[in-house]
Every structure is written in structure tokens, then in C-alpha cells.
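Data block below; observations after.
Protein chains in written order, with this note's numbering: chain X, 13 to 216; chain B, 13 to 216; chain Y, 13 to 216; chain V, 13 to 216.
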């Protein structure tokens with residue numbers, strides 16, 4: 013993906029998501045060291061999307077970060093190749109990622125041809141999830157996202173929690189509250205900062 | 013699913029799978045205590061199917077067992093409701109079940125309406141997998157199958173291995189060898205035997 | 013362990029734990045079908061012990077259940093052999109069971125000689141945990157307890173939650189609240205009931 | 013830990029382990045960018061130790077790497093603080109790390125005070141394991157090591173396999189064979205290389 017498309021998409025995504033990305037990172041002249049953070053999510057009720065926006069906010073607050081926020085069906089192999097960091101978000105279905113997110117990872121081999129030669133190698137990965145109740149599989153879902161990343165030789169970090177950022181959205185705690193959103197922001201910030209370190213280190 | 017259909021499917025599946033099910037369990041008059049074992053799998057290369065046949069053989073060797081072997085797209089909610097035990101097999105894609113198997117479990121809520129009221133409660137569950145290399149996610153895939161079962165209040169057992177039956181099928185160890193097939197049989201036997209115990213116990 | 017000792021320990025444990033076990037199950041003449049439920053836990057702050065008591069209450073409410081509640085260091089190989097169901101509780105340390113609980117499981121091989129010949133085979137297992145924050149490893153800890161049980165050929169059930177019963181006990185939600193205690197009771201009830209089924213089925 | 017001690021220990025460990033560390037990294041004047049790789053393991057039969065030596069060899073082949081190989085009981089909080097990368101190896105006991113390794117991680121909080129303020133933050137982590145049979149918990153053990161690292165805000169990478177390096181050492185495949193040793197070397201190389209990147213990036 014060329015830079016123009018990346019910026020355009022970032023803008024489009026931010027509008028679609030009702031989120032104003034800070035001008036510093038997405039509109040200013042991109043310095044050589046810019047860190048491209050791709051956030052891919054699946055959302056049916058809007059809860060995971062809200063978390064995704066929090067992750068984007070957090071990542072966007074990091075100097076030099078350029079953030080793209082996308083629904084899982086829209087993410088292309090080119091974008092995956094172009095990013096420095098990838099943060100994947102999913103609702104928890106039966107203690108595991110949604111089928112849509114699983115199909116996305118399956119496509120890394122079948123469609124995007126990223127697995128061969130480990131084309132995602134050394135990119136930074138993170139995970140966020142939403143689940144109906146407290147211990148209903150949020151951790152195992154984040155772990156399953158991490159596993160897919162590790163097997164592709166990405167480097168995994170946590171942020172906003174032990175494994176990543178998570179929100180409980182069922183009857184006992186409906187929707188995404190401010191503390192959960194803050195965890196999402198912390199994850200975005202953490203992944204972007206660590207990706208900046210590895211990007212600088214890769215160039216030296 | 014009525015009994016007639018169950019027997020018919022068992023026959024059809026065994027032919028489709030090139031497997032002669034022992035007459036004792038599938039053709040003789042079914043005693044009251046018959047144990048219905050449903051084996052659902054996804055297979056692209058034929059390896060997971062071969063394991064599925066081994067699981068069916070093992071289950072079928074248990075007195076009173078009636079075994080149905082089905083590709084994941086064919087399994088119905090009615091069959092899931094009717095079975096006493098369910099054994100699910102998947103190739104390992106990125107350290108997790110194939111998207112097709114994930115979609116199958118997602119359908120327990122979305123399509124089959126089994127999750128509400130825990131309609132699979134107390135049925136016995138087991139898992140088998142095939143993976144390209146030794147430690148590439150076979151265990152985590154079996155664990156993800158177990159998790160989906162546990163959250164539906166099934167009872168999970170191992171068999172043929174610490175978590176279930178597994179086969180390494182990549183370049184270093186192509187196809188399913190006799191030891192792996194033996195593990196598959198052990199899983200089928202174990203699940204059917206334990207399901208027989210719980211079925212007897214539920215009636216007393 | 014003989015019956016007399018089992019009852020005595022049950023009494024001692026209930027006093028130690030500040031819990032009055034219902035007379036029906038622990039003091040009345042034990043019918044042939046009695047189900048022995050052993051609850052083993054580690055607790056430093058008292059939170060996991062409180063959950064353990066909830067589990068005991070829930071199990072004890074099941075007709076025919078005889079419940080023993082023990083700290084992990086006191087559980088003997090004889091008791092493990094004698095029980096029909098085992099429920100293990102641990103605080104979450106670094107997304108995994110406490111070292112004390114890990115050492116307990118290691119002793120199943122090293123000290124109690126239960127692993128050889130799978131002496132715990134077909135006993136029913138469950139797990140409960142307490143953790144400082146919401147998604148800090150409670151699920152992975154329950155999964156690690158389940159894994160130890162499955163490898164010993166126990167049958168695992170959930171209860172009180174997707175994997176088992178859990179409580180968040182850190183600053184944001186100090187101590188064990190009534191909803192968490194209710195989950196603990198649900199786990200105890202579920203495990204005892206399922207163990208009763210398998211015990212009846214094993215005798216038929 | 014001061015540099016002198018680090019070098020001395022590296023030498024001592026290499027002798028103890030019967031391994032000659034390449035002079036380039038451990039004896040030559042250490043350039044500013046040296047990457048300290050600490051390998052901590054538990055071994056009873058010698059298999060995990062052999063893998064640890066392979067990991068050390070692999071790490072040591074990376075330019076600028078200084079490698080320390082230590083038994084788990086000997087590793088100090090000072091060494092943990094001083095390292096840039098930590099690779100932890102364990103035999104698989106009941107699908108989980110050995111109690112000795114669990115106690116080591118528990119000590120990160122209880123004894124070494126590393127958890128508070130996330131003192132291990134951004135250090136690179138990896139895992140290796142040995143297990144008696146193919147799918148007996150090697151993956152779940154590596155995952156449990158990763159989880160402990162992630163919760164301490166380390167960054168986790170794989171190497172030598174989907175999760176890390178593993179060896180099957182039971183009756184069907186006794187000892188550590190050359191392919192498994194090669195996986196160990198690949199893990200050491202991978203972790204050291206990635207740690208070099210992040211170390212350079214942290215200084216820029």
C-alpha cells in the first residue's frame with residue numbers, strides 16, 4: 013500500500029468510526045521514522061468497534077504514529093505487509109475469536125501469502141476483545157490472537173491488561189465503560205511505542 | 013433426529029468414509045442404553061478425515077455405541093441435540109481450529125440455538141487434530157475445542173493423548189501413521205465408554 | 013481413606029473453614045451412592061478460601077454428597093484416590109496457578125503415584141480461582157488446572173462460569189462478593205451432581 | 013549485576029554446561045550495543061539442559077550477544093534486571109511448567125520485586141520445553157511461560173517452532189536429537205537478534 017492510500021484510509025476510517033485522529037501523526041509531513049499501526053476488528057453490536065476506536069486514540073497519541081482502523085473484511089494483504097504493528101480485536105464467541113477473525117488469520121496463508129517466508133516477521137502484535145461476562149474466554153481469545161501472530165513470527169506485547177485490553181459487555185456490565193476504554197487506549201499507546209522502538213532499531 | 017435417520021446416516025457416513033462400522037453396534041436392535049457418538053470434522057487433505065475414521069472405529073468397538081461420522085458442514089442442530097457424545101476434529105491453522113470448525117461452534121448460538129438453556133449440557137466431548145509440525149498448535153487447538161464445549165456445559169475427556177488424539181502430517185512426518193491412528197481409536201473408545209457411563213447414570 | 017476418616021475430616025474442615033456443612037450429607041447414614049467431593053485450595057489472603065467455602069456449600073447441597081475441604085498442603089494421595097470428584101482452587105499468580113498448587117499436581121506423579129495407571133481416571137474435576145484484576149489470567153489458570161486433570165484422564169466440567177468459578181479481588185473489586193460466591197456454589201453443585209451421575213453409571 | 017560478573021558467570025556456565033561460548037561475544041571488548049541474553053532452565057534428566065545449551069549456542073552466534081546460562085535456582089533478581097532478553101526452559105509436568113519454574117516466576121513479585129513498576133518491561137522473552145510425548149503439554153507450557161512474561165510487560169517472540177523450541181524426550185523418541193537441538197539454536201538466535209533490534213531502538 014502506498015503512503016497516500018494509507019493516509020486516506022486512516023482519514024476514512026476515523027470518520028467512519030466517529031473519531032478525530034490527532035493531526036500531528038496523520039496529517040503532518042510523515043518523518044522517515046513513522047510507525048504504521050493497523051487496527052483490524054470485527055464488531056456486531058458496536059462494542060468491539062468502540063474499543064477499536066479507543067485503541068486507535070491511544071496509538072495515535074504516540075509521536076510519529078500513523079493509524080489505520082479497519083473492519084476485518086476490508087483489511088488487505090498489502091496493508092498487512094505495510095504496517096509496523098497490528099492490533100486485532102474480536103468479540104468472544106465460545107472462548108475464542110469470532111469466525112470472521114479466524115477466517116482473516118486463515119487468509120494470511122490461503123489468500124495473502126504472508127505465512128511463507130514469514131512476511132509478518134518482527135512486526136509488533138497486540139489484541140483486544142469484548143465478552144459478555146467476566147471470565148467467559150476473553151483471555152483465551154487474546155491468547156489465540158497472540159498464537160496466530162507468534163506462529164507468523166511477530167513479536168507480541170500486552171497493554172491495558174495482562175494479555176491486552178478487554179471489556180465486559182453483557183447484562184451485568186453493558187457496553188464499554190470509561191475504564192475499559194482507558195485500557196484500550198493504553199494498549200494502542202503501548203503497541204505504537206514498542207513498534208517505534210523496533211522500527212528505529214531495525215534501521216540502525 | 014429420529015433413530016432411523018441416525019442409523020441411516022451412520023451407514024451412509026461409514027460408506028462415504030470407506031469404513032465398515034461393526035455390525036454389533038449399528039445394525040443390531042438398539043438396546044435402551046445405546047450411546048450415540050457424533051464425530052464432526054473438517055478435512056482438506058484427507059488427513060483429518062483419516063483420523064476421524066480411526067476415532068469412529070474406536071468408538072464403534074464399544075458395546076452399544078452408534079456412531080455417526082460427518083463433515084462439519086453437514087452436521088445439524090438436531091444431530092447435536094440427539095447425540096450423547098461429540099468428538100470434533102480439525103486441522104491446525106495458526107494454532108487454532110480451522111475457520112470452518114469455528115463457524116460450526118459459532119452456529120451453536122447463532123443457528124442451532126443450543127447455547128441458550130445449555131442444551132448440550134452433560135454430553136461428553138473430545139477433540140482430535142492434525143498439524144504440519146510437532147508443536148505448531150495441536151494442543152492449543154484441542155484446548156480451543158474443549159473450551160467451546162465447556163462453555164456449553166459439556167463434560168470434556170482426553171483420550172489417545174494428554175488432550176486428545178493428534179497427528180503430525182507435515183513434510184517431516186507425512187500423512188497419518190499407525191501410531192497416530194491408534195491414538196484416534198483410543199480417543200473414540202474412551203469417549204464412547206465414558207458417555208456410556210454417564211448415560212447409564214442419568215437414567216438411574 | 014476409610015469412610016470414618018472422610019467424615020471426620022469433613023467435619024474438621026468445615027469447622028476450620030467456619031462453615032457448617034448441611035447435616036443431610038455429612039452426618040446422616042451414608043447411602044451406597046454417596047459422592048465424595050474433595051475441595052483442595054491454596055489461599056494467602058483468605059479470598060480463595062472464601063470461594064472454597066462457597067464451592068463446599070454448593071456441593072454439600074447435592075443429595076448424597078460428602079464434602080471435604082482442605083488446604084493444598086494437607087491433601088493426601090489416599091484422599092485423592094478415594095474421592096469421586098476433585099475441585100481445585102488457586103489464586104492467580106502470573107496468569108497461572110500458585111506454585112503451591114503446581115507442586116501439588118507435580119506430586120501426583122512424584123509422591124502420590126497417581127499418574128501411573130491413571131488412578132484418577134474418570135473422576136470429575138473442576139476449578140476455581142481468584143485474581144487481582146478482571147482479565148489477569150483467571151481463565152488461563154483454570155485451563156491449567158483442567159489440563160493437569162485431563163492428562164490424568166479425569167473428566168472436566170465447568171460451573172459458575174465458562175471455565176469454572178472466579179472472583180476478582182484486587183483494588184477495583186476487593187474481596188469476594190455475593191455474585192462471585194454464588195458462582196462458587198454453582199460450581200460445587202454442578203461438579204457434585206455430575207459426579208453423582210457418573211458414579212451411578214459406573215455401578216450399573 | 014555488573015559487567016564483570018556477567019562475563020564471569022557466562023564463562024562458568026559455559027564450562028558447567030560443557031559448552032565453549034564463542035570468544036567473539038563473551039571475551040572480546042564488549043561494544044556499547046552488547047545484548048545480554050539470560051537463559052534460565054530447570055532440568056532433572058539433563059534433556060532440558062541440553063536444549064538450554066543449544067539455545068545458548070544459537071544466541072551466542074549473534075554478533076554482540078553476551079550469554080548467561082543458569083539453573084533456575086541460581087538466577088538472581090539482579091541478573092533479571094540486567095538482561096535484555098530472557099529465555100526460560102522447563103520440562104513439561106502435567107501440561108505446565110515445573111513447580112521450580114513456577115516458583116521462579118512467583119518470585120518476580122514476592123522476592124525480586126520486578127512486577128511492581130514493570131521492571132522487566134520491553135525485555136524480550138522466549139521459551140523452550142521438553143516433554144515425554146508429542147502433544148503432552150509442550151505448547152501449553154510455552155504459552156504459560158509467555159503469559160508470565162506478557163503480564164510483566166515483556167515482549168514475546170517464538171523461534172525454532174510456532175511457540176518456541178521443543179523436544180520430545182520420552183520412550184518413543186528418547187533424548188534430544190539434532191533436529192530438536194537445531195530448533196533450540198534457532199530460538200536463541202531469534203531472541204538475541206530481536207533483542208539487538210530493540211536495544212538499538214531504545215537508545216536512538
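Note that CB positions come from ideal geometry on N, CA and C, so glycine has one too.
Residues near residue i by beta carbon distance below 6 Å, same chain, minus five either side
i: residue 55 of chain X; result: 61
i: residue 178 of chain Y; result: 141, 150
i: residue 154 of chain X; result: 139, 141, 175, 176
i: residue 36 of chain X; result: Bear in mind that a pLDDT of 34 at residue 36 of chain X, under 50, signals an unreliable position, so the number given afterwards is only what the model happens to contain. Taken in chain order, the list of residues that qualify is empty.
i: residue 218 of chain B; result: With chain B covering 13 to 216 only, the question about residue 218 of chain B has no answer from this structure.
i: residue 121 of chain B; result: 127
i: residue 132 of chain X; result: 126, 164, 166
i: residue 152 of chain B; result: 107
i: residue 206 of chain B; result: 136, 169
i: residue 57 of chain V; result: none
Chain V contact residues for residue i, given Cβ-Cβ distances below 8 Å
i: residue 209 of chain X; result: 134, 210, 213, 214
Chain Y residues whose Cβ lies nearer than 8 Å to that of residue i
i: residue 160 of chain V; result: 106, 107, 108
Contacts of residue i in chain Y (Cβ-Cβ under 7 Å)
i: residue 51 of chain V; result: Result: empty, since nearest Cβ-Cβ is about 19 Å, beyond 7 Å.
i: residue 206 of chain B; result: 134, 167
Partner residues on chain X for residue i, Cβ-Cβ distance less than 9 Å
i: residue 242 of chain Y; result: As displayed, chain Y neither begins before 13 nor continues past 216, which places residue 242 of chain Y out of reach and without an answer.
Proximal residues of chain Y, C-beta to C-beta of residue i below 9 Å
i: residue 175 of chain B; result: 159, 162, 163
C-beta contact flag for residue i and residue j at 9 Å
i: residue 11 of chain B; j: residue 157 of chain B; result: In the structure as shown, chain B starts at 13 and stops at 216, and residue 11 of chain B therefore has no counterpart that could be examined.
i: residue 168 of chain V; j: residue 137 of chain V; result: yes
i: residue 146 of chain X; j: residue 171 of chain Y; result: no
i: residue 51 of chain Y; j: residue 134 of chain B; result: no
i: residue 118 of chain B; j: residue 200 of chain X; result: no
i: residue 66 of chain X; j: residue 196 of chain X; result: yes
i: residue 63 of chain Y; j: residue 188 of chain Y; result: yes
i: residue 91 of chain Y; j: residue 80 of chain Y; result: yes
i: residue 107 of chain B; j: residue 106 of chain X; result: no
i: residue 161 of chain B; j: residue 100 of chain B; result: yes
Residue environment, residue i, which counts as buried when at least 16 other CB atoms sit within 10 Å
i: residue 130 of chain Y; result: exposed
i: residue 82 of chain Y; result: buried
i: residue 193 of chain V; result: buried
i: residue 102 of chain V; result: buried
i: residue 12 of chain V; result: Since the first residue of chain V shown is 13 and the last is 216, residue 12 of chain V is not available in this structure.
i: residue 123 of chain B; result: exposed
i: residue 237 of chain B; result: Absent from the model: residue 237 of chain B. The displayed extent of chain B is 13 to 216, so no value can be given.
i: residue 180 of chain V; result: buried
i: residue 86 of chain Y; result: exposed
i: residue 114 of chain X; result: buried
Chain X residues whose Cβ lies nearer than 8 Å to that of residue i
i: residue 155 of chain Y; result: 152
Chain-ordered neighbours of residue i on chain B, where CB pairs are closer than 9 Å
i: residue 178 of chain V; result: 146, 147
Proximal residues to residue i (C-beta, below 7 Å), its chain only, five neighbours per side dropped
i: residue 204 of chain X; result: 47, 49, 71, 74, 77, 97
i: residue 84 of chain V; result: 52, 53, 54, 112, 113, 116
i: residue 184 of chain B; result: 145
Contact set for residue i: own chain, Cβ-Cβ below 8 Å, skip 5 residues either direction
i: residue 59 of chain X; result: 103, 142, 179, 181, 187, 188
i: residue 95 of chain Y; result: 48, 49, 50, 80, 135
i: residue 214 of chain B; result: 134
The region 106-121 of chain X: positions lying closer than 8 Å to chain B by Cβ: The region 106-121 of chain X vs chain B, Cβ under 8 Å: 106, 107, 108, 109, 110, 111, 114, 115, 117, 118, 120, 121.
At a Cβ cut of 8 Å, what residues of the region 140-151 of chain X count as close to chain B, listed as they run along the chain? If you check each beta-carbon in the region 140-151 of chain X against every beta-carbon of chain B, the ones closer than 8 Å belong to 148, 149.
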